[in-house]
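**Q**
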Amino acid sequence: MAQPEALLRLEDLHAGYGHVPALRGLDLLVAPGELVCLIGANGAGKTSALRAISGLLPPSRGRIVFADREIQNTAPAEILKAGIAHCPEGRRVFPYLTVEENLSMGAYVRRDRSAITADVEQVCTHFPILAERRRQMAGTLSGGEQQMLAIARALMARPRLILFDEPSLGLAPTIVESTFAIIADIRRRGTTVLMVEQNAYAALRMADRAYVMETGRIVLEGAARDLLADDHVRRAYLGA
Amino acid sequence: MDQLLQHLVNGLVLGGTYALLGIGLTLIFGLMNVVNFAHGEFYTLGAYVAFAGIALAGLNFNLAILAAIVVGAALGWLCEVTLLRPLRNESIDTTMLVMIGVWIAMQNGELLVWGGVAKSIPHPYPTAPLVMGPVAIAPLRIIVLVLAVGLIASSWLLIHQTKLGRAMRATFQDRDTAALMGVSIGRVHAATFAFGSALASAAGALLGPVFLAYPSMGDLASLKAFSVVILGGLGNLTGATVGGLLLGIAEELGAGYISSGYRDAVGFVIIILVLLLRPSGLFARQERIG
Amino acid sequence: MRALGRGLLAAALVTLPLWLADPYYLHVAIMAGIFGVLALSLNLLLGYAGQLSLGHAAFFGIGAYTSALLTLKCLWSFWPALAAAIALAAAAGWLIGRLALKLRGAYFVLVTISFAGVISLVSVNWIELTNGPLGLPGVPAPDLGPWSLRTKPAYYYLVLSGVALSYAVCRRLVRSRIGRAFVALRENEPLAESIGVDVTHYLVLAAVVSAAMAGLGGSLYAHYTRFVSPEVFLFTYTVTMVIMVIAGGKGTLAGPLVGAVLFTVLPEALRAAASWQWQMLAYGLLLVLLVFFLPRGIVPQIVASFSGHPRSAPGSRAPLR
Amino acid sequence: MTLSVSDLAVSFGGVTALDGVSFAVRPGSITSVIGPNGAGKTTAFNAITGYLRPTGGRITYDGAALSGLRPSAIARRGIVRTFQRTSIFPSLSVADNVLTGLHLRSTAGFFDVLAGRRRLTAEESSLAADADGIIAFVGLGHRHDEIASALPYGEQRLVELALALAARPRVLLLDEPGAGMTGVEKTVVSELIRKVREQGVTILLVEHDMRMVMGISDTVIVLNHGRVIAEGTPGEIQAHPDVIRAYLGAQHGPA
């Protein structure tokens, strides 16, 4: 039962850490060009879902189909080559690599040297703050600058789909706004986005569709606009 | 004063090779979290490869050192792939025990092949020392220091200027995220172990002709490498370089001014004191975040 | 059934000199006994408290030198010298325990190695006291009242008592709240603290008892071989102890003894077939193979294969920290 | 008998994790600490139980300062915690786990043990009985002799709870007892927590599952960015605008 419009499809995905189950039959779909957000309370399994997609958490059951190819048993490097980049929670820039080195780590799987150099330049024009700090250790950047770098680093892989994990976490409100603006812009330029975000209202305002996760599976899905008005979301977070 | 200068110069020669040993071990320990007790055996291996190359196969000095590097790297790679890779998710003690086994096996293997009698490694340089003011130094020692500095510089280039070096540093700082960038952790580990072993082997090939080659020479070399790593901090290249030079000089001074019998105690004392007073190393900076 | 087996074993051990009168076999039995004490000692720290000491030869050597020096230079008799050997080794254990408290894993190992290295260098260089590399010959044989324990059968019984004493101490400790505290530290240190186990107290205690026992082994060794030299600090001794414990089964009571017997008898049996270097080569390879194929050791393996499921006897790969 | 925290501050290398947190845990209550990811909940637990040294503030129990004490000493005063990640003695059986947890209820010292005194035997058998009682209490009687790490995840968390109970807590700090559990298992745990409280143990809870928190708590304390932003009954907290903003973001405003 192929659904041709899906770029990424998760079917009955199960995964866990040792004895601890994290995903218990997750089903999810992202169409090309969409911005989909995945929301839910802490510990619901959102991060695990992204880690499973990018190959860091091998699923025990279920399928992950990306661009009509099953990738649930594929190594992270191959998944990245296939076109999925993952911008991890907490930014995770390499603190003792320079900004430029961090960017080239983003293009690690690419072989087209001259195109990479061009992309570094392009990213630097796009994020002038990174151009300024090019030779600085990434660990010396502010939180907001590190977030820019993490996003830019993910873009360096020239992905078709970017996974964002809690891009607003620990950032000042003004930085949060500009981060979301950048993500919206990335989508406008044609890259598909799947985003996990605790700031549910902000995420819903910018997304096309959204899924609400609870204990490892989807409990609610729909157009972001509808969910924004739905009291279920509040209940999922606050248990009211 | 004249004596002091002489000690400093001798210490520098010794320290250069200690730095090589230390750089190799600090990468292996820091990046792979493997306490490599066999490190000194790669040093011994290097000395014997140099001996075999020069005395038996008639290679020239530089080629023999190159051969030691190649053999060290190959055996290091083999060691990682066959012994350490299957144990990557085991505790640090498990891999440590395996490396102790490798150490014993390699040392006694060398004993069986070469016998217990120390071998002197021939070299083409004149034995008469060059006298420069108050300092007398054998030409071989100058060559050894130059080559050691060259190797340290190339390690530095490899780590800081190549894609592999970048991947190694990234893996060291954040293994998960490095994997996310598509770095194959297994390949980085194998390369690191091969590289570290090659450096140890090079150190043995360099210092072997200065002293002698004998099967248990690696024991002290391991100890010195650990002292250097502890002085310099895990995974810290600059720390290992400076630590190696410091240890070499400290040993020369200790042997010269205290008692030559306690020369090797310097390394032990450094390990104990640094671990107790500043466990992260004298030149430590927080390399790992999170 | 079990009681019967134990009784038979005890009877066999006690009557051993009667049916194994050849002095060479008794010599092997005595060495196995001395190594049994050492392996029990290391196991307390490694198998139960979870700290790998690679400086155990230092405690062994301290015991040997203390006993030898006191009987040779101060003309003490054996028994007080033995007590002093145990006490001094215990004091060294206390020092290492205190010093290394902040350090775990690899760093603890390095400090213990360095400690043994320093002690060994002192024994070589403090010639006025230790006679340097030449060692101390003529260590007297022990007496028990009017009897001299010079003969092999007599010394066998002395060593057997030493093994029995060490085993009894280990057994009582391990089956008490103290042993449970050791195991708790090995298995999960933060959790152990959260239920009130005082890390300092129990780690130091484990180190002291372990070192004292190694000191006992050292004293027994010195008065048996009648000669002590810096060789007692050789790393080979430590490695042999480690292999005995790992092979026999760390964290079990019987494992170290089984390992000690096996790895004293085996090299002796192989002596004709292979040179010492080949044996050491085999030791190294064996250690690697053990980690890969018998990580829990012989005794837990046997227990598991008899009872059909793994018992609470710990020793899988993971718990060793 | 009140556990109180005043003006608690913790920072790691310049990053502030807790910034002047104050609250008091009423004796005999179930109090929950909630907050979004990174709000500082586990940090607060670690500071209270001695696993990390606060950079400022005071922690007292029953009037006596806890700051500066080691975790084992704090446990001896009756303040016992569990951990966010399952924390058991993996290679021991369930019974041995709990027996080990009874450390503070036994007294035998080194020389008692060596001498093998008679009193020791009596103590050991009473400990074994205590252990059996606790195992039965958490409902693991059927798992008595099984290796703890071989149990299903939910039961491992019960072993962890049994271990903590064995240390005879007067205040029990539970760090995400419901994490990773199914709904049914969470109900079991909630029920157990209530039963523990009925025995007079004060409970302080960090938990993400709001249904569980709101269901069993008397008081809820909300942390955000290392500060207390609200404190009150579950009902009050659910309606509190600051809490809603912390969890869901601002409902209205620029997109």
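Residue numbers (the numbering used here), protein chains in the order written: chain A, 8 to 247; chain B, 1376 to 1665; chain C, 3 to 323; chain D, 57 to 311. A virtual CB, placed ideally from N, CA and C, is assigned to each residue, including glycine.
1) Does the beta carbon of A:A244 sit closer than 8 angstroms to a beta carbon anywhere in chain D?
2) Answer yes or no: does any C-beta atom of chain D fall closer than 8 angstroms to that of A:N109?
3) Any idea what DSSP makes of D:E254, helix, strand or coil?
4) Taking a contact to mean a Cβ-Cβ separation below 8 angstroms, would you say C:L44 touches C:V247 in this structure?
5) Do you know whose CA, among C:P135, C:P155, C:S178 and C:I245, lies nearest D:F167's CA?
6) What does C:S116 reach in chain B if we use C-beta pairs closer than 7 angstroms?
7) Rounded to a whole number of angstroms, what is the C-alpha to C-alpha distance between A:N80 and C:A93?
8) For a contact meaning CB atoms closer than 8 angstroms, what does C:N127 contact in chain B?
9) Could you pull out every residue in the same chain whose Cβ sits closer than 7 angstroms to the Cβ of D:H198, ignoring the five residues on either side in sequence?
10) Give me the chain A residues within the contact set of B:M1556, using Cβ-Cβ distance strictly less than 7 angstroms, ordered along the chain.
11) With distances taken Cα to Cα, identify the nearest neighbour of A:I193 among A:N206, A:T181 and A:R165.
12) Which residue marks the beginning of the alpha helix (DSSP H) containing A:V116, and which one marks its end?
13) What residues match up with D:V276 in a beta bridge as DSSP calls it?
14) Name the residue from C:T153, C:V206 and C:F308 whose alpha carbon lies nearest to the alpha carbon of C:P25.
15) DSSP state of D:A151, grouped into three classes?
16) On a CA-only basis, which of D:I130, D:H281, D:A164 and D:D298 is nearest D:E179? Give me that one, please.
17) Sort B:A1422, B:G1540 and B:L1387 by Cα distance to B:F1570 and report the nearest one.
18) Among residues of its own chain, excluding the 5 on either side of D:P110, which ones have a beta-carbon nearer than 8 angstroms to its beta-carbon?
19) How would you list, in chain order, the residues of chain F whose beta-carbon sits under 8 angstroms from the beta-carbon of C:A186?
20) For A:A9 and A:V200, I'd like the C-alpha separation in whole angstroms.
21) Check each residue of the stretch 220–244 of chain C: if its Cβ is closer than 9 angstroms to any Cβ of chain B, include it; give the result in chain order.
22) Please confirm whether C:I32 and C:G217 have their CB atoms less than 8 angstroms apart.
23) Between which two residues does the beta strand (DSSP E) containing D:G76 stretch?
24) Taking A:H93 as the reference, give the member of A:E85, A:S61, A:I78 and A:Y103 with the closest Cα.
25) Rounding to the nearest angstrom, what Cα-Cα distance links A:R216 and A:N206 in this structure?
26) Under the three-state reduction of DSSP, which class applies to A:T199: helix, strand or coil?
27) Leaving out five residues before and five after D:R267 in sequence, what residues of the same chain have Cβ atoms less than 7 angstroms from its Cβ?
28) Listing by chain order, which chain C residues have their CB less than 8 angstroms from the CB of B:V1477?
29) Look at the alpha carbon of B:I1560 and the alpha carbon of B:A1553, and state the distance between them as a whole number of angstroms.
30) Would you list the residues sitting across from B:K1494 in a DSSP beta bridge?
31) So, under 8 angstroms CB-CB, C:L28 and C:P19 are touching, yes? Tell me the CB distance rounded to an integer number of Å.
32) Shortest alpha-carbon distance to D:E241 belongs to which of D:D265, D:I203 and D:H200?
33) Work out the CA separation of C:V39 and C:G253 for me, nearest whole Å.
34) Using DSSP bridges, identify the partner residues of D:I135.
35) Give the DSSP bridge partners of B:I1512, in chain order.
36) Determine which residues share a DSSP beta bridge with A:M220 and list them.
**A** From the atom records:
1) Start at 1 with the first residue of the first sequence, and residue 244 of chain A comes out as number 237. It should be pointed out that residue 244 of chain A corresponds to Tyr in this sequence rather than to Ala. With 8 angstroms as the cut-off, A:Y244 counts as an interface residue toward chain D.
2) The count along the first sequence starts at 1 and reaches residue 109 of chain A at position 102. A:N109 does not count as touching chain D.
3) Working through the fourth sequence from its first residue, we reach residue 254 of chain D at position 198. Reduced to three states, the DSSP call for D:E254 is helix.
4) Within the third sequence, residue 44 of chain C is the residue found at index 42, counting from 1. Within the third sequence, residue 247 of chain C is the residue found at index 245, counting from 1. Yes, the pair counts as a contact, with Cβ atoms nearer than the cut-off.
5) The count along the fourth sequence starts at 1 and reaches residue 167 of chain D at position 111. It is C:S178 whose Cα lies nearest to the Cα of D:F167.
6) In the third sequence, residue 116 of chain C corresponds to position 114, counting from 1. Result: F1643, I1646 and I1647.
7) The count along the first sequence starts at 1 and reaches residue 80 of chain A at position 73. The count along the third sequence starts at 1 and reaches residue 93 of chain C at position 91. If you take the alpha carbons of A:N80 and C:A93, they lie about 56 angstroms apart.
8) Residue 127 of chain C sits at position 125 when you count from the first residue of the third sequence. Neighbours of C:N127 on chain B, chain order: S1634, G1636 and Y1637.
9) Walking along the fourth sequence from the start, residue 198 of chain D turns up at place 142. There are no such residues.
10) To locate residue 1556 of chain B, count along the second sequence from 1; it is residue 181. What B:M1556 touches in chain A: M112, G113 and Y115.
11) Walking along the first sequence from the start, residue 193 of chain A turns up at place 186. A:I193 has its Cα closest to that of A:R165, out of A:N206, A:T181 and A:R165.
12) Numbered from its first residue, the first sequence carries residue 116 of chain A at position 109. Taken as a continuous stretch (DSSP letters only), A:V116 belongs to no alpha helix (DSSP H), as it is neither H nor E.
13) As a position in the fourth sequence, residue 276 of chain D is number 220, starting the count at 1. Note: D:V276 sits in a beta bridge opposite D:S88 and D:G288.
14) Stepping through the third sequence from its first residue, residue 25 of chain C is reached at position 23. C:P25 has its Cα closest to that of C:T153, out of C:T153, C:V206 and C:F308.
15) To locate residue 151 of chain D, count along the fourth sequence from 1; it is residue 95. Correct three-state label for D:A151: helix.
16) Residue 179 of chain D sits at position 123 when you count from the first residue of the fourth sequence. Residue D:A164 is the option with its Cα nearest to D:E179.
17) Start at 1 with the first residue of the second sequence, and residue 1570 of chain B comes out as number 195. Closest option to B:F1570, Cα to Cα, is B:G1540.
18) Within the fourth sequence, the letter at position 54 stands for residue 110 of chain D. Once the five neighbours on either side are set aside, the close Cβ partners of D:P110 are L64, A65, V66, L74, A103 and S123.
19) You won't find chain F in this structure, because its protein chains are A, B, C and D.
20) Within the first sequence, the letter at position 2 stands for residue 9 of chain A. Within the first sequence, the letter at position 193 stands for residue 200 of chain A. In this prediction, A:A9 scores a pLDDT of 47, lower than 50, which makes its location untrustworthy; the coordinate-derived value is nonetheless stated afterwards. The alpha-carbon atoms of A:A9 and A:V200 are separated by roughly 21 angstroms.
21) F237, T238, V241 and V244
22) Here residue 32 of chain C is taken as the residue at index 30 of the third sequence, counted from 1. Here residue 217 of chain C is taken as the residue at index 215 of the third sequence, counted from 1. Their beta carbons are not under 8 angstroms apart, which means C:I32 does not touch C:G217 by this criterion.
23) Locating residue 76 of chain D in the fourth sequence gives position 20, where the first residue counts as 1. V71 to V81 is the span of the beta strand (DSSP E), which, as asked, contains D:G76.
24) If you number the first sequence from 1, residue 93 of chain A lands on position 86. The residue with the shortest Cα to Cα distance from A:H93 is A:S61.
25) The residue you call residue 216 of chain A lines up with position 209 of the first sequence. The residue you call residue 206 of chain A lines up with position 199 of the first sequence. Distance between the alpha carbons of A:R216 and A:N206: 15 angstroms.
26) As a first step, residue 199 of chain A is located in the first sequence; it is residue number 192 there, counting from the start. Of the three classes helix, strand and coil, the one that applies to A:T199 here is strand, per DSSP.
27) As a first step, residue 267 of chain D must be located in the fourth sequence, where it is residue number 211. For D:R267, where only same-chain residues beyond five positions count, there are no Cβ hits under 7 angstroms.
28) Looking up residue 1477 of chain B in the second sequence gives position 102. Neighbours of B:V1477 on chain C, chain order: G286 and V290.
29) Counted from its first residue, the second sequence places residue 1560 of chain B at position 185. Counted from its first residue, the second sequence places residue 1553 of chain B at position 178. Cα-Cα distance, rounded: 8 angstroms.
30) Translated into positions along the second sequence, residue 1494 of chain B becomes position 119. Answer is B:A1588.
31) On the third sequence, residue 28 of chain C is found 26 positions in, with the first residue counted as 1. On the third sequence, residue 19 of chain C is found 17 positions in, with the first residue counted as 1. Rounded, the Cβ-Cβ distance is 6 angstroms, consistent with contact.
32) Mapped onto the fourth sequence, residue 241 of chain D falls at position 185. Checking every option, the nearest Cα to that of D:E241 belongs to D:D265.
33) Here residue 253 of chain C is taken as the residue at index 251 of the third sequence, counted from 1. Here residue 39 of chain C is taken as the residue at index 37 of the third sequence, counted from 1. Rounded to the nearest angstrom, the two C-alpha atoms are 15 angstroms apart.
34) Working through the fourth sequence from its first residue, we reach residue 135 of chain D at position 79. Answer by DSSP bridge pairing, in chain order: D:V227.
35) Your numbering for residue 1512 of chain B matches position 137 in the second sequence. B:L1505.
36) Taking the first residue of the first sequence as position 1, residue 220 of chain A is located at position 213. Per DSSP, A:G47 and A:I225.
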